[in-house]
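To start, the structure under review is shown below, and the notes come after it.
There are 2 protein chains.
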Amino acid sequence: MSTIKDVAKLAGVAPSTVSRVIADSPKISRKTKERVREVMDELGYYPNVHARNLVNKATNVIGIIMPSASYAPFQNPFFPEVLRGITAQANEDKYGLYFSTGQTEEDILEEVKEMVHSRRVDGIILLYSTTNDPIIPFLLKEKCPFVVIGRPSEQYEHVVSYVNNDNVKAARTITEYVLLLRHERIGFIGGRKDAYVTLDHKEGFEQALQAAGIEINPTYIVYHDEIFDGGEQAVIELMAQKTPPTAVVVADDLMALGVLRMLTSMGYRVPEDISVVSFNNVLMSELSAPPLTTMDIYIYELGFQAASLVREQIASPLMEAQARIVGHKLVRRSSTSRRID
Amino acid sequence: MSTIKDVAKLAGVAPSTVSRVIADSPKISRKTKERVREVMDELGYYPNVHARNLVNKATNVIGIIMPSASYAPFQNPFFPEVLRGITAQANEDKYGLYFSTGQTEEDILEEVKEMVHSRRVDGIILLYSTTNDPIIPFLLKEKCPFVVIGRPSEQYEHVVSYVNNDNVKAARTITEYVLLLRHERIGFIGGRKDAYVTLDHKEGFEQALQAAGIEINPTYIVYHDEIFDGGEQAVIELMAQKTPPTAVVVADDLMALGVLRMLTSMGYRVPEDISVVSFNNVLMSELSAPPLTTMDIYIYELGFQAASLVREQIASPLMEAQARIVGHKLVRRSSTSRRID
DNA sequence: TTGTAAGCGTTATCAA
DNA sequence: TTGATAACGCTTACAA
Numbered sequence: 395m396s397t398i399k400d401v402a403k404l405a406g407v408a409p410s411t412v413s414r415v416i417a418d419s420p421k422i423s424r425k426t427k428e429r430v431r432e433v434m435d436e437l438g439y440y441p442n443v444h445a446r447n448l449v450n451k452a453t454n455v456i457g458i459i460m461p462s463a464s465y466a467p468f469q470n471p472f473f474p475e476v477l478r479g480i481t482a483q484a485n486e487d488k489y490g491l492y493f494s495t496g497q498t499e500e501d502i503l504e505e506v507k508e509m510v511h512s513r514r515v516d517g518i519i520l521l522y523s524t525t526n527d528p529i530i531p532f533l534l535k536e537k538c539p540f541v542v543i544g545r546p547s548e549q550y551e552h553v554v555s556y557v558n559n560d561n562v563k564a565a566r567t568i569t570e571y572v573l574l575l576r577h578e579r580i581g582f583i584g585g586r587k588d589a590y591v592t593l594d595h596k597e598g599f600e601q602a603l604q605a606a607g608i609e610i611n612p613t614y615i616v617y618h619d620e621i622f623d624g625g626e627q628a629v630i631e632l633m634a635q636k637t638p639p640t641a642v643v644v645a646d647d648l649m650a651l652g653v654l655r656m657l658t659s660m661g662y663r664v665p666e667d668i669s670v671v672s673f674n675n676v677l678m679s680e681l682s683a684p685p686l687t688t689m690d691i692y693i694y695e696l697g698f699q700a701a702s703l704v705r706e707q708i709a710s711p712l713m714e715a716q717a718r719i720v721g722h723k724l725v726r727r728s729s730t731s732r733r734i735d
Numbered sequence: 395m396s397t398i399k400d401v402a403k404l405a406g407v408a409p410s411t412v413s414r415v416i417a418d419s420p421k422i423s424r425k426t427k428e429r430v431r432e433v434m435d436e437l438g439y440y441p442n443v444h445a446r447n448l449v450n451k452a453t454n455v456i457g458i459i460m461p462s463a464s465y466a467p468f469q470n471p472f473f474p475e476v477l478r479g480i481t482a483q484a485n486e487d488k489y490g491l492y493f494s495t496g497q498t499e500e501d502i503l504e505e506v507k508e509m510v511h512s513r514r515v516d517g518i519i520l521l522y523s524t525t526n527d528p529i530i531p532f533l534l535k536e537k538c539p540f541v542v543i544g545r546p547s548e549q550y551e552h553v554v555s556y557v558n559n560d561n562v563k564a565a566r567t568i569t570e571y572v573l574l575l576r577h578e579r580i581g582f583i584g585g586r587k588d589a590y591v592t593l594d595h596k597e598g599f600e601q602a603l604q605a606a607g608i609e610i611n612p613t614y615i616v617y618h619d620e621i622f623d624g625g626e627q628a629v630i631e632l633m634a635q636k637t638p639p640t641a642v643v644v645a646d647d648l649m650a651l652g653v654l655r656m657l658t659s660m661g662y663r664v665p666e667d668i669s670v671v672s673f674n675n676v677l678m679s680e681l682s683a684p685p686l687t688t689m690d691i692y693i694y695e696l697g698f699q700a701a702s703l704v705r706e707q708i709a710s711p712l713m714e715a716q717a718r719i720v721g722h723k724l725v726r727r728s729s730t731s732r733r734i735d
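So the protein lines, in turn, are chains W and U.
The first sequence stops at residue 735 when you use this note's numbering, and every number in between is there.
The second sequence stops at residue 735 when you use this note's numbering, and every number in between is there.
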């Protein structure tokens, strides 16, 4: 494995000259550059990243923090899709990606500390957002550039950068759609209770009901973490009531598949007996029976924007925090119909 | 940000002593260790990984190579699941994960070269295996420890380590199952033609037919890359024939969902009119209508074993190549039934 | 335009 | 058991 010195010697120049050629410094003559480059090719020379990072105090690597494995994560196509967006932009920017492997929340916090203190990464993308996440204050304290996908607590709203959907609005809209279909008894199946997306969905859901003058029935509101089983559980809770809902708003497409399955097994027909809507528009939502009416939130774009925002944060560390809101779009399919009495 | 020198000064020892404390060298007195550790805590000291990697010539990082985005990748739950296995084992072993971001095959080869030459990683896991992949000879030439998930070409069989299923056997078994259900006209929908898993599936499929004394009908064998659409396309090709098959063996659960959908839209009933089997047993295969009979290949285990194998390769570079075969298991559900004429 | 030399934060060798 | 000191491979003043 050759070093900069080998190249220098063979090219008959000083190591610093080779370094300048690598950086494509304008102060080096074309002739020298050519000669040095030839030698580099000949030797198959690649700069040692560690030596380079050591002096540069930068790594060109972004740390990607996954939620703890205990929480829905990799099973849900949300993550692969957001990663696809991040990957595309990172590749564009010549950034590398370093992944957290922690299985528990404590693990992950430790990993983040290590990433930052050991200078493993120049910036971080958090793929989730929950209340009271100790990682956010930590990153803030360390002045490490980072972006959260989702949103921080109100407390940090103006100091941390994030990429999010307007989940309140999205939930409000999808609920309004259900209301327009003449449904009045509408259930809400939220995700993990400490995720901001859940809180925001609930807020939008309630706004829609209130605006329609419909009283909020707390027994119609349930929460579940687990991806399919959660949906199935939730259906039991909702449908066991004396006057069950005629429509449900579900946190996530995958959970909605669980809902569909349980409903079907109970003998309900969707959408004739009960309408189902959800969020995310992952591929699967189109293939279910019936295909789901769902809110597309442009997951790929969330990832793409997060990567581009973290690049900006790294480039200008003094830049103030920035929020980017990605759009959403209702995709009408066949899991919803007008209520008939 | 404090360095080893700061710690040394504050603790009243030499930097080399601090280094020994970090390594928990037995030659350092307990008293000194305690004092140094206190100071490290006080200062919030973390070793700089680049300085360390520079002298150690090791990184404790594994490179993960995804297939090019043009090939089915992230959409398919196979990848998240295999990653989950890798992550779990890597975390255990205190290895970090560095991801490729390349979008094209050339991109990816370049990235691999950079990873290896720049000493970014100690070893590599290839998440796919295709014929004529230039990455394998490259890694071999560089003597970089690596493991492929899937298998290398026969040419390299004894020199590269891999973790695979016995895909020939698995395909043979699932085909035999279909044969036992009295089907004789059986279609085969393979995946990407240059993937070894496809070749092996086909081999097993044909073995089963031959053993049953059934002639192989080339018009019953089709290939498709794209995940759902491929399944749908394939159905058209297969069912448009004068005597269409009464059962199909599909490369992948997701593709099978496409198959199911197209079949349904054409008015065929599954399994009454036509039986469908596939491979992988991803979560979704249980939720389809009807739930799929599929071959579980223990994807998580593939990832887990790959990570543990690459660790071994890194630890003993002279160790000879090793193959690990993960089991498989037929999961009978409702997409198959006895042929009735 | 190029070369010399110091320094980035570690670890390891050799003395003490 | 501990301390000096020389690497590791690169970048960047500062000189030339």
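Backbone N, C-alpha and C fix where the C-beta goes; we use that ideal spot for every residue, glycine too.
Computed from a predicted model, the values in this text were never measured in an experiment.
- Message: Cutting at 8 Å between CB atoms, please list the residues of its own chain near P441 of chain U, excluding the five before and the five after it.
- Response: In its chain, beyond the 5 residues on either side, I398, I416 have a beta carbon closer than 8 Å to the beta carbon of P441 of chain U.
- Can you pull the chain W residues whose beta carbon is under 9 Å from the beta carbon of P441 of chain U, in chain order? Against chain W, a Cβ distance below 9 Å from P441 of chain U picks out H511, S512.
- chain U contacts made by the segment 642-655 of chain W, where a contact means CB separation under 9 Å: The segment 642-655 of chain W vs chain U, Cβ under 9 Å: L648, L651, G652, L654, R655.
- Message: Check whether chain W comes within 8 Å of L499 of chain U, counting only Cβ atoms and requiring the distance to be less than that.
- Response: Sequence check: residue 499 of chain U is Glu here, not Leu. Not a single CB atom of chain W sits nearer than 8 Å to the CB of E499 of chain U.
- Message: Is the separation between the beta-carbon of F622 of chain U and that of G652 of chain U shorter than 8 Å?
- Response: By the CB criterion at 8 Å, F622 of chain U and G652 of chain U fall inside the cutoff.
- Along the chain, where does the alpha helix (DSSP H) that runs through N442 of chain W open and close? It is not in any alpha helix (DSSP H) - N442 of chain W carries neither H nor E in the DSSP assignment.
- Length of the line joining the Cα atoms of H444 of chain U and G457 of chain W: Those two C-alpha atoms are separated by around 16 Å.
- Assess, as a yes-or-no matter, whether the segment 528-543 of chain U is touched by the segment 498-518 of chain U under the definition of 3 or more beta carbon pairs within less than 8 Å. Yes, the segment 498-518 of chain U is in contact with the segment 528-543 of chain U.
- Query: For chain U, is any of its Cβ atoms less than 8 Å away from the one on Y662 of chain W?
  - Reply: Interface with chain U (8 Å Cβ-Cβ cutoff): Y662 of chain W is excluded.
- Residues from the segment 414-444 of chain W in contact with chain U, defined by Cβ distance under 9 Å: Along the segment 414-444 of chain W, the positions whose C-beta sits under 9 Å from a C-beta of chain U are G438, Y439, Y440, P441, N442, V443, H444, read in chain order.
- Query: Of all Cβ atoms in chain W, is any one closer than 8 Å to the Cβ of L657 of chain U?
  - Reply: It does not; no Cβ of chain W falls within 8 Å.
- Message: Counting only Cβ pairs nearer than 7 Å, list the residues of chain W close to A484 of chain U.
- Response: Those within 7 Å of A484 of chain U in chain W are T495.
- Whose C-beta lies closer than 6 Å to the C-beta of K723 of chain W among residues of the same chain, with five residues either side of it excluded? Exclusion of the five residues before and after K723 of chain W leaves D690 as the residues of its chain whose Cβ lies within less than 6 Å of its Cβ.
- Query: Name the chain W residues whose beta carbon is nearer than 7 Å to that of N454 of chain U?
  - Reply: Ordered by position in chain W, no residue passes the 7 Å Cβ test against N454 of chain U, which lies about 11 Å from the chain.
- Query: How close, in whole Å, do the beta carbons of Q707 of chain W and V515 of chain W come, if the pair is a contact with beta carbons under 8 Å?
  - Reply: Not really, about 12 Å apart at Cβ, beyond 8 Å.
- Message: Contact defined as beta carbons within less than 8 Å: I believe L681 of chain U pairs with V670 of chain U. What is the distance between those atoms, to the nearest angstrom?
- Response: Wrong, their Cβ atoms sit about 15 Å apart, outside the cutoff.
- Message: Looking at the secondary structure, which residues open and close the alpha helix (DSSP H) in which S679 of chain U lies?
- Response: 678-681 is the extent of the alpha helix (DSSP H) around S679 of chain U.
- So which residues of chain U does G490 of chain W contact, with C-beta pairs closer than 8 Å? Near G490 of chain W (Cβ distances below 8 Å), the residues of chain U are Y492, F493, T495, R514.
- Message: I'd like to confirm the pairing. Which residues does DSSP put opposite Y617 of chain W in its beta bridges?
- Response: For Y617 of chain W, which the question treats as bridged, DSSP gives the partners W:G584.
- Same chain, Cβ closer than 7 Å to E631 of chain U, five either side skipped, listed in chain order: Same-chain partners within the cutoff: V616.
- Item | Chain-order list of residues whose beta-carbon lies under 7 Å from that of K427 of chain U (same chain, five-residue window excluded) | Here the set comprises V415.
- Message: The alpha helix (DSSP H) that contains K535 of chain W, what's its start and end?
- Response: Unbroken alpha helix (DSSP H) run through K535 of chain W: 529-535.
- Item | Range covered by the alpha helix (DSSP H) that runs through L573 of chain U | Run containing L573 of chain U: 561-574, per the alpha helix (DSSP H) assignment.
- Rounded C-alpha distance that separates L448 of chain W from N470 of chain W: The alpha-carbon atoms of L448 of chain W and N470 of chain W are separated by roughly 38 Å.
- Message: Please tell me whether T481 of chain W has its Cβ less than 8 Å away from any Cβ of chain U.
- Response: So, interface residue.
- Under 8 Å Cβ-Cβ, which residues of chain W neighbour N447 of chain U? Close partners of N447 of chain U in chain W (Cβ separation under 8 Å): H444.
- Message: Looking at the strands, I want to know which residues DSSP matches up with M689 of chain W.
- Response: For M689 of chain W, the pairing in a beta bridge is given by DSSP as W:F673, W:L724.
- Query: What's the gap between the Cα of E600 of chain W and the Cα of F493 of chain W?
  - Reply: One C-alpha to the other measures close to 37 Å.
- Beta-carbon of L603 of chain W versus every beta-carbon of chain U: anything under 8 Å? Interface residue (Cβ-Cβ distance to chain U less than 8 Å): L603 of chain W is not classified as such.
- Item | Environment of R663 of chain U [buried if 16+ CB atoms lie within 10 Å] | Its Cβ having fewer than 16 others within 10 Å, R663 of chain U is exposed.
- Message: Is there a C-beta anywhere in chain U that falls below 8 Å from the one on F599 of chain W?
- Response: No, its Cβ sits nowhere closer than 8 Å to a Cβ of chain U.
- Query: Among residues of its own chain, excluding the 5 on either side of H577 of chain U, which ones have a beta-carbon nearer than 7 Å to its beta-carbon?
  - Reply: Short of 7 Å from the beta carbon of H577 of chain U, and not among the five residues preceding or following it, lie these beta carbons of its own chain, in chain order: T640, A641, S669, R733.
- Query: So, F582 of chain W versus V629 of chain W, is the Cβ gap smaller than 8 Å?
  - Reply: Cβ atoms of F582 of chain W and V629 of chain W: not closer than 8 Å.
- Message: I'd like to check one pair, D594 of chain W with N561 of chain W: are the Cβ atoms closer than 8 Å?
- Response: Closer than 8 Å, so yes.
- Query: Helix, strand or coil: which one does DSSP assign to V415 of chain U?
  - Reply: V415 of chain U: helix per DSSP, three-state reduction.
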